[in-house]
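In the numbering used here, the protein residues as written are 455 to 617.
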């Protein structure tokens, strides 16, 4: 099952009244859970053992440090939102992380200056950690997503004042 099929499953579960969907096919297993009182969802994915190469990012402070196996992702697409403000949006569905490991400082904070190509966050998708880069230079005005929360494709992540 590829990422596009998983994204379609998530959308189908969100639009339905299902609270949980589990699919198992050989070594592949996926569970999509949805809180019926909100639009938030949680995805649990288990790939065959011989294919899994990325480490698991656990937000618990007592967790062992994760090895750096992040894959470079396509940079987030900025979208104009007013005169000199740009919204950096998520290029994929996954879990948004502001820092590389639990307990480390965030890549960027409100008020920080960023340059094009600078890593600003990580999005975990299917056990792969994708470093998201800024395509614009400027100053972070607002962080629009919560750390360790699920994000959708094209969801606003940061508001940047262009320099």
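All C-beta atoms in this analysis are idealised placements derived from N, C-alpha and C, irrespective of residue type, glycine included.
Mapping DSSP to helix, strand and coil, what is residue i?
| i | result |
| --- | --- |
| residue 543 | strand |
| residue 568 | strand |
| residue 551 | strand |
| residue 611 | strand |
Could you give the first and the last residue of the continuous alpha helix (DSSP H) run that contains residue i?
| i | result |
| --- | --- |
| residue 466 | 457–469 |
Less than 9 Å separating the beta-carbons of residue i and residue j?
| i | j | result |
| --- | --- | --- |
| residue 597 | residue 549 | no |
| residue 572 | residue 562 | yes |
| residue 461 | residue 551 | no |
| residue 570 | residue 587 | yes |
| residue 472 | residue 488 | yes |
| residue 613 | residue 546 | no |
| residue 609 | residue 553 | no |
| residue 455 | residue 479 | yes |
| residue 575 | residue 611 | yes |
| residue 584 | residue 594 | no |
| residue 615 | residue 542 | no |
Per DSSP, which residues does residue i bridge with? Please list them.
| i | result |
| --- | --- |
| residue 616 | 592 |
| residue 476 | 485 |
Over what stretch of residues does the beta strand (DSSP E) that includes residue i continue unbroken?
| i | result |
| --- | --- |
| residue 558 | Note, residue 558: premise wrong, no beta strand (DSSP E); not H, not E. |
| residue 578 | 573–579 |
| residue 582 | 582–587 |
Let me confirm a value: residue i is counted as buried when at least 16 other C-beta atoms fall within 10 Å, else exposed. Which label applies?
| i | result |
| --- | --- |
| residue 603 | exposed |
| residue 474 | exposed |
| residue 486 | buried |
| residue 466 | exposed |
| residue 617 | exposed |
| residue 414 | No answer is possible for residue 414: the residues shown for the chain start at 455 and end at 617. |
| residue 477 | exposed |
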